[in-house]
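Below you'll find the structure, written out as structure tokens, and then a few comments.
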Amino acid sequence: SQQGEEDPQALSIQEGENATMNCSYKTSINNLQWYRQNSGRGLVHLILIRSNEREKHSGRLRVTLDTSKKSSSLLITASRAADTASYFCATPITGANSKLTFGKGITLSVRP
Amino acid sequence: DTEVTQTPKHLVMGMTNKKSLKCEQHMGHRAMYWYKQKAKKPPELMFVYSYEKLSINESVPSRFSPECPNSSLLNLHLHALQPEDSALYLCASSQFLILAGVVPTYEQYFGPGTRLTVT
Chain A
3 SQQGEEDPQA
13 LSIQEGENAT
23 MNCSYKTSIN
33 NLQWYRQNSG
43 RGLVHLILIR
53 SNEREKHSGR
63 LRVTLDTSKK
73 SSSLLITASR
83 AADTASYFCA
93 TPITGANSKL
103 TFGKGITLSV
113 RP
Chain B
142 DTEVTQTPKH
152 LVMGMTNKKS
162 LKCEQHMGHR
172 AMYWYKQKAK
182 KPPELMFVYS
192 YEKLSINESV
202 PSRFSPECPN
212 SSLLNLHLHA
222 LQPEDSALYL
232 CASSQFLILA
242 GVVPTYEQYF
252 GPGTRLTVT
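So the sequences go chain by chain: A and B.
For the first sequence, my numbering begins at 3 and goes up steadily by one.
For the second sequence, my numbering begins at 142 and goes up steadily by one.
Written out as structure tokens, the structure reads:
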């Protein structure tokens, strides 16, 4: 069963704007991961945030994790047309930590 | 080298055909995965191999048969597929370590996928 649920389902913004995507999950986790998928391609790992971390940065990406609310957010600053893609949060399955479950995904469109 | 390669990129097969998908990585990862992804859906896990042994089978029909001949290669053998099996098949790999009896979750590296069409 799915653990993570992203919000919103779809997001359309102008180039240069910031994009914020949210993920909620149901059970305790030891980390949460974000992936990007360009249309019809494989997934690319963006960032992994551990349960004892509250915020993590990677280039134009900023991820937060609130374990008390069981939620995470992915912020992409100064978006570019090349950021157009689907974004998934993924969490480990309890008791099977080599196994990830993916949320339904968010479709981000960045208009040039 | 952080690349996972998959061949072929596209495959069209009839319901009576036998074909194989191939995946290769040279990152020294000891966990390898097969996922199936339908359009506008998240990837669904099919199989996990750790140290070349099948560790997870997500109740996948026997017409899909995985094989891990060595630590770098992963195959998915296909036989008597149905049209509903048409999808993007993704291979991934990750580190696999057991630390004090716990298996931490590492990031997964995905290949570009094989687009499979069953006619």
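We put the beta carbon where it would ideally sit given N, CA and C, even for glycine.
(message) Rounded to whole angstroms, what is the Cα-Cα separation between S74(A) and D68(A)?
(response) One C-alpha to the other measures close to 6 Å.
(message) Output needed for A172(B): all residues of its chain with C-beta closer than 6 Å, excluding positions within five of it in sequence on either side, in chain order.
(response) Excluding positions up to five away in sequence, the list reads S191, S235 and F237.
(message) Only counting the same chain, and skipping five residues up and downstream in sequence, which positions put a Cβ closer than 6 Å to that of T258(B)?
(response) Close CB contacts of T258(B) within its chain, under the 6 Å cut and outside five residues either way in sequence, are with V153 and S227 (chain order).
(request) Determine contact between the region 209 to 222 of chain B and the region 156 to 172 of chain B, defined as no fewer than three beta-carbon pairs at a distance below 8 Å. (result) The region 209 to 222 of chain B makes contact with the region 156 to 172 of chain B; the number of CB pairs closer than 8 Å reaches 3 or more.
(request) Answer with yes or no whether the minimum CB distance from K58(A) to chain B is below 9 Å. (result) Chain B contact via Cβ: absent.
(message) Taking the straight line between their C-alpha atoms, what separation do you get for K71(A) and I197(B)?
(response) The alpha-carbon of K71(A) is positioned some 30 Å away from that of I197(B).
(request) Step through the CB atoms of chain A and report whether any lies within less than 9 Å of the CB of K182(B). (result) Interface annotation, K182(B): in contact with chain A, CB-CB separation under 9 Å.
(request) At 7 Å on the CB atoms, spell out the chain B contacts of N33(A), in chain order. (result) Those within 7 Å of N33(A) in chain B are T246.
(request) Can you give me the start and stop residues for the beta strand (DSSP E) that L257(B) sits inside? (result) For L257(B), the uninterrupted beta strand (DSSP E) run begins and ends at T255 to V259, by DSSP.
(request) Starting from the beta carbon of K72(A), find every residue of chain D whose beta carbon is closer than 8 Å, and list them in chain order. (result) The chain labelled as chain D is not found among the protein chains of the depicted structure, namely A and B.
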